[in-house]
Amino acid sequence: MDVLPLLLLVAGSAAVAGLARRTPVPAPLLLVAAGLAVSYVPGVPGYELDPEIVLPLVLPPLLYTAATDSSYLDLRAHMRPIALLSVGYVLFATLAVGWAAYLLVPSLPLPAALVFGAVVAPPDAVAATAVARRVGLPSRITTILQGESLVNDATAITAYKVALAAAVGEGATWAGGVREFLLAAVGGVVVGLVLMVPIHWLRTHLNEALLQNTLSLLIPFAAYGIAEQVHASGVLAVVVVALYLGHRAWEVDFATRLQEEAVWKMVAFVLESAVFALIGLQLPVVLKGLGQYQGAQAAWYAVAVFLVVVAARFVWVYPATFLPRILSARVREREGSPTWKGPFIIGWAGMRGVVSLAIAFSIPLTVNGGASFPDRNLLLFLTFTTVIGTLVVQGLTLPPLIRLLKLPGRDVQAETLAEANAQAQASRVAEERLDALLTDERNALPPPLADRLRSVLERRRNAVWERLGAVNPVTGETADDTYRRLSREMISAEREMFVKLRDHRYIDDEMLRTLLRRLDLEEAAAYREAA
């Protein structure tokens, strides 16, 4: 296997994603644009997206890292709107887009059109939430978009399998399709529930952070593979396991958490960057097989499908938002009455992504009897143009649209106040625990060391409150900012001296690494609030 194209893809996409951080353009959009531009550069290897790689090897880790970063409690609190989007909307979009494609393309049978509807039904699991975090959407909208992106792929993949069975002549019925859908959904949740407790037990009983993080890297693939092996939803199995592990991550030792955060940030960065670059690189592949559909006709189909995809989301979102409140006093009391702005943003944040392309590429070449799958190449092209269209049009306009609508962002002052109160309560409990421990003669400490423990505790307690206080009129820093900057300068001076001592052979490299790691941990602790 030639590894050079893979290395070029990873290195190039990482470079573009790094560049995107210095521009106002969201990274997914710049990566797609770069992929489109590079796809016709002479000498660039051909990259054909393989669903056998994307679905079992790329999707599980992306879902896992997104789910572990999500709040189980927030998702549970917003379960109704999340379910309406991740299940109800995806099924509605499958039918609406499929029916529109059937009416639009004369040669396309209805079962094949429904296959296409399932392909383009799920919004992307990364793009919308990446934009939402960057522009500071209200927490409720961000939670709903995150929750939708965790589950909608499972709905779309199952709907695709049901529609495909009908399209290839396997005698699928509506009743059989509903039964298969429910079995896949329930089975995926059950597999996740069965796996999550023993996996968490193993994580908490492994004594080395290296082994724990190796296990962490294997978890999404294991959950996905086991679920798919029993014909359940691998996506739901991964999400259930990841939500449980993320909710109980505090039970794992600190070294594992530090390593795990760094490892998964790198994995997510590499995979997300490569995935969006791959989308753009598919242009030559999808154009190569268009055949009879060329020029204006293919462009008309692409524009029409894009408009249907965008419109269908609004057709679903507004009734799904307001009808439950009209019909249920309990919903009105619990959730209040939103304005039209929040649903509009949720409706516009329907960018499609690599999962749609991966499912499209998995459409078989032939159906039963050896005949070609109806208009397969056209469906690939329409999937590609829908993904590109939603990413570019909606992705580019979402940030200015949010600013134009003046949606209330996160209340940083309120969040800092809540953090300060939480830290004050925790510090009080810790101080009581320290006093109790010091009364035992087995824990006797010299006064300077006991005072050091108390000063560290006092520092943690005051740090958050200082962020609410006045700033330095010269530098614009809070007292906490100045403290951390001076702490870093002191640590830097120590680090330089350690290196100088090593260079003059007063200490060896092994001792240098030990001393530097100690300083690294202190620096990380000093800067934990800025993470």
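With our numbering applied, the sequence shown covers 43 to 573.
Here a beta-carbon is modelled for each residue, glycine too, at the ideal position from N, C-alpha and C.
On a predicted model such as this, the values are computed, not experimentally measured, just so you know.
Give me the Cβ distance between Pro-326 and Gly-88, rounded to the nearest whole Å; I'm assuming they're in contact under 8 Å. Here residue 326 corresponds to residue number 284 of the sequence shown, with the count starting at 1. Here residue 88 corresponds to residue number 46 of the sequence shown, with the count starting at 1. Going by Cβ atoms, the distance from Pro-326 to Gly-88 rounds to 7 Å, so yes, they are a contact pair.
With 7 Å set as the bound, which would you pick, yes or no: does the beta-carbon of Glu-94 sit closer than that to a beta-carbon of chain C? Here chain C cannot be found, since the structure has a single protein chain.
Under the three-state reduction of DSSP, which class applies to Val-228: helix, strand or coil? In the sequence shown, residue 228 corresponds to position 186, counting from 1. DSSP places Val-228 in helix when its eight states are reduced to three.
Short Cβ contact (7 Å threshold) for Leu-97 with Ala-402: For the purposes of this step, residue 97 is taken as the residue at position 55 of the sequence shown. For the purposes of this step, residue 402 is taken as the residue at position 360 of the sequence shown. No, Cβ-Cβ distance for Leu-97 and Ala-402 is not below 7 Å.
Pick from Leu-449, Leu-224, Val-345, Thr-381 that is closest to Ile-430, judged by C-alpha positions: Along the sequence shown, one-based indexing puts residue 430 at 388. Among Leu-449, Leu-224, Val-345, Thr-381, the Cα nearest to that of Ile-430 belongs to Val-345.
DSSP beta-bridge partners for Val-513? Translated into positions along the sequence shown, residue 513 becomes position 471. According to DSSP, which records beta bridges pairwise, Val-513 is partnered with Thr-520.
Could you check which residue in Pro-165, Ala-138, Asp-166 has the C-alpha nearest to that of Ala-155? Within the sequence shown, the letter at position 113 stands for residue 155. Closest by alpha carbon: Ala-138.
Between which two residues does the alpha helix (DSSP H) carrying Gly-140 extend? Sequence index remark: in the sequence shown, residue 140 carries index 98 (1-based). Its alpha helix (DSSP H) spans residues 132–146.
Measuring only the C-alpha atoms, how far is Pro-553 from Asp-562? Position 511 of the sequence shown holds residue 553. Position 520 of the sequence shown holds residue 562. Reading off the sequence shown, one finds Met at residue 553, where the question assumed Pro. Roughly 14 Å separates the two Cα atoms.
Sequence ranges, alpha helix (DSSP H) only - wholly within the stretch 529–564, length at least 4: none
Per-residue burial, Asn-410 [other beta carbons within 10 Å of its own, 16 or more giving buried]: The count along the sequence shown starts at 1 and reaches residue 410 at position 368. So Asn-410 counts as exposed.
Need the endpoints of the alpha helix (DSSP H) that Lys-383 sits in, please. Here the question's residue 383 lines up with position 341 in the sequence shown. Looking at the DSSP string, the run of the alpha helix (DSSP H) that includes Lys-383 is 383–390.
Do Gln-465 and Arg-526 have their C-beta atoms closer together than 7 Å? Locating residue 465 in the sequence shown gives position 423, where the first residue counts as 1. Locating residue 526 in the sequence shown gives position 484, where the first residue counts as 1. No, the Cβ-Cβ distance between Gln-465 and Arg-526 is not below 7 Å.
Determine the closest residue to Trp-358 out of Glu-536, Ile-388, Gly-378, with distance taken between C-alpha atoms. The residue you call residue 358 lines up with position 316 of the sequence shown. With distances taken between Cα atoms, Trp-358 lies closest to Ile-388.
Can you tell me the Cα-Cα spacing of Thr-432 and Glu-519, whole angstroms? Residue 432 sits at position 390 when you count from the first residue of the sequence shown. Residue 519 sits at position 477 when you count from the first residue of the sequence shown. About 41 Å.
Does the separation of the CB atoms of Ala-198 and Pro-153 fall below 7 Å? The residue given as residue 198 occupies position 156 in the sequence shown. The residue given as residue 153 occupies position 111 in the sequence shown. In this structure, Pro-153 does not lie closer than 7 Å to Ala-198 by Cβ.
Report the residue ranges of all alpha helix (DSSP H) runs contained in full by the stretch 276–339; include only those spanning at least 4 residues, in chain order. 276–289, 296–323, 325–330
Answer with buried or exposed for Met-121, where buried requires no fewer than 16 other C-beta atoms within 10 angstroms of its C-beta. Here residue 121 refers to the residue found at position 79 of the sequence shown. It counts as exposed.
When burial is assigned at 16 or more other CB atoms within 10 Å of the CB, is Phe-423 buried or exposed? For the purposes of this step, residue 423 is identified with residue 381 of the sequence shown, where counting begins at 1. Per the 10 Å Cβ criterion, buried.
State the start and end residues of the unbroken alpha helix (DSSP H) segment that holds Phe-263. Translated into positions along the sequence shown, residue 263 becomes position 221. Unbroken alpha helix (DSSP H) run through Phe-263: 251–271.
Within this structure, are the beta carbons of Ser-398 and Val-132 separated by less than 7 Å? Mapped onto the sequence shown, residue 398 falls at position 356. Mapped onto the sequence shown, residue 132 falls at position 90. Contact flag unset, no.
With the cut-off set at 7 Å, would you say Val-52 and Leu-73 are in Cβ contact? Reading the sequence shown from its first residue, position 10 is the one you call residue 52. Reading the sequence shown from its first residue, position 31 is the one you call residue 73. Not in contact: Val-52 and Leu-73 (Cβ atoms no closer than 7 Å).
When you compare only the Cα positions, how much space is there between Tyr-106 and Arg-494? The sequence position of residue 106 within the sequence shown is 64, counting from 1. The sequence position of residue 494 within the sequence shown is 452, counting from 1. Approximately 40 Å between the Cα atoms of the pair.
May I ask you to report which of helix, strand or coil DSSP gives Ser-112? Residue numbering aside, residue 112 sits at position 70 when the sequence shown is read from its first letter. Note: Ser-112 maps to coil in three-state DSSP.
Short Cβ contact (7 Å threshold) for Ala-319 with Gly-85: In the sequence shown, the residue the question calls residue 319 occupies position 277. In the sequence shown, the residue the question calls residue 85 occupies position 43. The answer is no: Cβ separation not under 7 Å.
Return the CA-CA distance between Gln-324 and Pro-70, expressed in angstroms with no decimal places. Residue mapping note: residue 324 aligns to position 282 of the sequence shown, counting from 1. Residue mapping note: residue 70 aligns to position 28 of the sequence shown, counting from 1. One C-alpha to the other measures close to 15 Å.
Using CA coordinates, which residue listed in Arg-496, Glu-500, Pro-103, Gln-467 is at the minimum distance from Tyr-266? Here the question's residue 266 lines up with position 224 in the sequence shown. Here the closest residue by C-alpha is Pro-103.
Could you give the residue range of the alpha helix (DSSP H) that holds Leu-192? The residue given as residue 192 occupies position 150 in the sequence shown. Run containing Leu-192: 181–209, per the alpha helix (DSSP H) assignment.
To which residues does DSSP link Glu-379 through a beta bridge? Counting from one through the sequence shown, the residue named residue 379 turns up at place 337. Residue 379 is actually Ser in this sequence, not Glu. Partner(s): none; Ser-379 has no beta bridge.
Determine the direct distance from the alpha carbon of Tyr-343 to that of Pro-385, and round the result to whole angstroms. As a first step, residue 385 must be located in the sequence shown, where it is residue number 343. As a first step, residue 343 must be located in the sequence shown, where it is residue number 301. Their Cα atoms are separated by approximately 28 Å.
Does Met-43 pass the burial test, meaning 16 or more other C-beta atoms within 10 Å, or should it be called exposed? Locating residue 43 in the sequence shown gives position 1, where the first residue counts as 1. Because the pLDDT of Met-43 is 47, which lies under 50, any placement of that residue in the model is unreliable, and the question is left without a value.
The alpha helix (DSSP H) with Asn-419 in it runs from where to where? Start at 1 with the first residue of the sequence shown, and residue 419 comes out as number 377. Unbroken alpha helix (DSSP H) run through Asn-419: 418–431.
Go ahead and pull the three-state DSSP assignment for Thr-439. By 1-based counting over the sequence shown, the position of residue 439 is 397. Three-state DSSP puts Thr-439 in a helix.
With DSSP collapsed to three states, give me the class of Ser-469. Along the sequence shown, one-based indexing puts residue 469 at 427. Three-state DSSP puts Ser-469 in a helix.
Per the DSSP calculation, Ser-128 is bridged to which residue(s)? Within the sequence shown, numbered from 1, the residue matching residue 128 stands at position 86. According to DSSP, which records beta bridges pairwise, Ser-128 is partnered with nothing at all.
Exposed or buried, what is Trp-390 when buried is set at 16 or more other beta-carbons lying within 10 Å of its beta-carbon? Reading the sequence shown from its first residue, position 348 is the one you call residue 390. By the 10 Å Cβ count, Trp-390 comes out buried.
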